[in-house]
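Chains as they are written, first to last, in my numbering: chain A, 1 to 228; chain B, 1001 to 1270.
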Amino acid sequence: MSENIRKPHIVVINHQAANIHSVGKALERSGAEVEITDSAESLMAADGAVLPGVGAMDAAMRALEELKLIEPIREYAGSGRPMLSVCLGMQLLFPESDEGERSGLGLVDGHVARFDVDEPSEDGSRLKVPHMGWNAITFTEPDQDRHPVFRGIPDGSYFYFVHSFHCMPNDSQDVVATTAYGGPVCAAVARGELVATQFHPEKSADMGLKIYENFVRHVAETVASRVA
Amino acid sequence: MLAHRIIPCLDIDSGRVVKGVSFVDLRDAGDPAELARFYNEAGADELVFLDITASSDDRDTMVDVVRRVSSEVFIPLTVGGGLRSVEDIRRMLEAGADKVSLNTAAINRPELIREASAEFGAQCIVLAIDAKRLAPPEDVELDGDPDLAAESPWRVFTHGGRNPTDLDAVKWARYGVEMGAGEILITSMDTDGQKDGYDLELLRAISDSVSVPVIASGGAGNLDHMYDALHEGHSDAVLAASIFHFGEYTVSEAKRYLAGRGLPVRPPTD
């Protein structure tokens, strides 16, 4: 019984390239027991995990390699437990990026591309990069068909984006939502229990907190169903 | 479509808001966390905290402020003032700031922009520029980098507009972006505090010559001014202080007004 009502234990993977503080606080207020760590053992014992990230792909992959976290993250993802990846964290899921030399984690098929700054946008002005600020997202599926992390969020909700590269999944089924910046841009991804957002939910006020609440509740439900 | 951002700016001295919000019944109008909550609920898209603390002993206070605010307010937070090294910047980012703004320290040592950008990413490095019209440029002796010498009517100033530098504001903005700044915060010292509108020519000159977002600052007296800064000034975001702090307009009113004139904004919260 006590197994079912304990707070879900969620690990925030600390690879020194993210605003971890806000991620941890958003999870805490959503009812999680939060551990910010670079320990593979902690990750393997977690009910849920968050892979945050800002900055450059190469630097982040180098940090994950030095921390000996690349294989553990792949193993964790393979275990079918939920993982939420944010911003650069989402880009790290892909096998390769225009940004750098290093391979990504390769957990979602596709490519991470640079914004085409030379291409004028609809009104003739050039795109500013980074894509920085609040933008509206459009879901690819109706509410009830989405991964639970993305339910209850109205189409057209605004989220805070900061990125210079964008993800292009090979399988359109992996795309949960898009936003418009010089054309459609992948804003969120779900593949099994891997969910990811290009935007920062921890910086997106109430709608962003809703995503963390959904994630923590979903992790709690997966724990309960495993125990059952 | 990407929304134009409306950004209230708070001046902070030794951990307390100065020129604080004066129109609503806040328990403590000098408490940065309370004001951050207030502006978040009002629909602000982002917050800028400018540390105007004179003594460097009080820098730790700012780190605590940032940690407290980012623990309970979940919108982007930019912190500026007195950051001189990569380590200063790291402390602020670790405390929960999303971006830092660099001003005098970047003028004194432009390499700081490159170092910080390489370490933390361009997206969290804002180059803040205080500019003032100064003509004719040949009146001022040039001893700095000739490539950055004044050519446009706007010169970079330090110390709140008191001290002119050799730097041309437009060239300095472009150079800052080359060095790795991910955003430019441009304040006109001529229009700042006048409530008579932003310097639209300056905004357009900067915005059209850099590839990164530009935040307009200095001169907002009414909502028309904000519209002009975004539409005619080609800015991506507007920063304002007194217009919000003294309750002349709410953030929601500003957004409704801009939306009514066809500009994309994140819809107001009320």
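Just so you know, even glycine gets a beta-carbon here, dropped at the ideal spot from N, CA and C.
Original post:
When the distance is taken between beta carbons, is glycine 1218 of chain B closer than 8 angstroms to tyrosine 1198 of chain B?
Top reply: yes
**OP:** Label glutamate 71 of chain A either buried or exposed according to how many other C-beta atoms from any shown protein chain fall within 10 Å of its C-beta, with 16 as the threshold for buried.
**Re:** exposed
**OP:** Could you give the DSSP three-state label for alanine 1003 of chain B: helix, strand or coil?
**Re:** coil
Original post:
Is the CB of asparagine 214 of chain A under 8 angstroms away from at least one CB in chain C?
Top reply: Of the chains in the structure shown, none is chain C; the protein chains are A and B.
**OP:** Under 9 angstroms between beta-carbons, which chain B residues line up against tyrosine 181 of chain A? List them in chain order, please.
**Re:** Met1001 and Leu1002
**OP:** Find the residues of chain B that neighbour glutamate 202 of chain A, judging by a C-beta separation of less than 8 angstroms, and give them in chain order.
**Re:** Phe1074
**OP:** Can you tell me which of the three DSSP states glutamate 101 of chain A falls into?
**Re:** coil
Subject >> Residues of its chain near arginine 1016 of chain B, where Cβ-Cβ distance is below 6 angstroms and the 5 sequence neighbours each way are ignored >> reply: Gly1030
Original post:
How big is the Cα-Cα spacing for glycine 104 of chain A and alanine 26 of chain A?
Top reply: 26 angstroms
Original post:
What is the DSSP secondary structure of threonine 1010 of chain B, reduced to helix, strand or coil?
Top reply: For the record, residue 1010 of chain B in the displayed sequence is leucine; it is not threonine. In this structure, leucine 1010 of chain B counts as strand in the three-state DSSP scheme.
Original post:
With a cut-off of 8 angstroms, does the C-beta of asparagine 241 of chain A fall near any C-beta of chain B?
Top reply: Since the first residue of chain A shown is 1 and the last is 228, residue 241 of chain A is not available in this structure.
**OP:** List the endpoints of the continuous beta strand (DSSP E) containing leucine 92 of chain A.
**Re:** No beta strand (DSSP E) holds leucine 92 of chain A; the alpha helix (DSSP H) holding it covers 88-92.
Subject >> Proximal residues to leucine 1134 of chain B (C-beta, below 8 angstroms), its chain only, five neighbours per side dropped >> reply: Val1140, Ala1150, Pro1153, Trp1154, Arg1155 and Pro1164
Subject >> C-alpha gap between serine 1022 of chain B and glycine 1096 of chain B, whole angstroms >> reply: 27 angstroms
**OP:** Could you please give me the residues that DSSP links to histidine 218 of chain A through a beta bridge?
**Re:** Answer is none; histidine 218 of chain A lacks a bridge partner.
**OP:** Could you name the residues of chain B that asparagine 170 of chain A contacts, counting a contact when the two beta carbons are closer than 8 angstroms?
**Re:** Simply none; closest approach about 26 angstroms.
**OP:** Taking valine 1212 of chain B as the query, report the chain A residues whose CB atoms sit under 9 angstroms from its CB, ordered along the chain.
**Re:** Lys128, Val129, Pro130 and Met132
Original post:
How many angstroms separate the CA atom of alanine 45 of chain A from the CA atom of methionine 168 of chain A?
Top reply: 31 angstroms
**OP:** Note down the Cα distance separating alanine 180 of chain A from leucine 127 of chain A, rounded to an integer number of angstroms.
**Re:** 11 angstroms
Original post:
For leucine 43 of chain A, which of helix, strand or coil comes out of DSSP?
Top reply: helix
Original post:
How would you write the range of the beta strand (DSSP E) that alanine 1241 of chain B sits in, first residue to last?
Top reply: Looking at the DSSP string, alanine 1241 of chain B is not in any beta strand (DSSP E), and its letter there is neither H nor E.
**OP:** Please check if any C-beta of chain B sits within less than 8 angstroms of the C-beta of asparagine 14 of chain A.
**Re:** no
Original post:
Name the chain A residues whose beta carbon is nearer than 8 angstroms to that of leucine 1093 of chain B?
Top reply: Asn19
Original post:
Under 8 angstroms, do glutamate 193 of chain A and methionine 83 of chain A count as touching if we go by C-beta distance?
Top reply: yes
Subject >> Enclosing alpha helix (DSSP H) for lysine 1171 of chain B [first to last residue] >> reply: 1169-1179
Original post:
So, is the C-beta of aspartate 1236 of chain B closer than 8 angstroms to a C-beta in chain A?
Top reply: yes
Original post:
For glycine 208 of chain A, which residues in chain B fall below 7 angstroms Cβ to Cβ?
Top reply: Phe1074
Original post:
Hey, how far is the Cα of threonine 1061 of chain B from the Cα of asparagine 1040 of chain B?
Top reply: 22 angstroms
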